[in-house]
Amino acid sequence: MSETASTHSARRARQRAASRTAILDAARSVAARDGARDFSLRAVAAEAGFAPAALYGYFAGKDDLLLALAADDLAALARAMRESGSGPPDLARTAATALDLLRHNETIAAAQGALPQQGSSDAERLFNGRLIAVLRVLSEAMGSKADSREAQCDVVLLAATLAGLALLARSGRLAALGFTPEELLARLGRRFSA
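According to my numbering, the sequence shown is numbered sequentially starting from 4.
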């Protein structure tokens, strides 16, 4: 490949990545305004300054776009959990960070409806990879290597519990039942700490 063709190819890749980022930023903005479950590709395209059909060059559809947003949010969640406080991993601190972020994030919960029963899209693989990163951070915070099936089940159970608590807190059901997130996180820490 000539140097000119190589430069052109690199420029096109940068432009494509910038366009994809612009679409994701627009989708995040529209999802914040309209709700992650209710945003439309037409609204995202308008926000990003693209023709609606142009989005299909980057995402197979709304579900793929939602999965990409949720994957980005899972990456941010894993990063925040890893960086929660100084010192060795601590389950209470890590779980509190996760719950706080999950309570204020609708895309991860909404992505559940976008996941196919069985599939292997790039968006799904990215989402699953980011979910595994979150599970690894939880495993470290639990003081578990998750090298046995039982330990892996405990990590998934903890993640599911945090997701459920976030849903109950976000919907106001936790308060309606007379519980606080802090009270339940304390019990969670006692149940799952190594």
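Beta carbons: idealized from backbone N, C-alpha and C, even for Gly.
{"Item": "Run through DSSP, which three-state label would P184 get?", "Value": "helix"}
{"Item": "Could you tell me the boundaries of the alpha helix (DSSP H) in which E50 lies?", "Value": "L44 to A51"}
{"Item": "Have a look at A78 and T97 and give me their C-alpha separation to the nearest angstrom.", "Value": "15 angstroms"}
{"Item": "Suppose the cutoff is 7 angstroms on Cβ atoms and the five residues either side in sequence are ignored; what does the same chain contact list for T164 look like?", "Value": "L191"}
{"Item": "Between the Cα of H107 and the Cα atoms of L69, D76 and E153, which residue gives the shortest distance?", "Value": "D76"}
{"Item": "Per DSSP, what kind of secondary structure is N108 in: helix, strand or coil?", "Value": "coil"}
{"Item": "Assuming Y59 contacts R23 under a Cβ cut-off of 8 angstroms, what Cβ separation, rounded to an integer in Å, is found between them?", "Value": "Y59 to R23, Cβ: 12 angstroms. No contact."}
{"Item": "Output yes or no for whether 8 angstroms exceeds the beta carbon distance between I111 and A172.", "Value": "no"}
{"Item": "Helix, strand or coil: which one does DSSP assign to P55?", "Value": "helix"}
{"Item": "Helix, strand or coil for A63 per DSSP?", "Value": "coil"}
{"Item": "Whole-angstrom Cβ separation of L118 and E127, contact assumed at under 8 angstroms?", "Value": "6 angstroms"}
{"Item": "A46 and V140 look like a contact to me (Cβ under 8 angstroms); what is the Cβ gap, rounded to whole Å?", "Value": "A46 to V140, Cβ: 33 angstroms. No contact."}
{"Item": "What residue range is occupied by the uninterrupted alpha helix (DSSP H) comprising R133?", "Value": "D125 to M145"}
{"Item": "Would you kindly report the start and end of the unbroken alpha helix (DSSP H) that includes E86?", "Value": "Premise fails: E86 is in no alpha helix (DSSP H) and is neither H nor E."}
{"Item": "Whose C-alpha, out of L170, A149 and T183, is nearest the C-alpha of S196?", "Value": "A149"}
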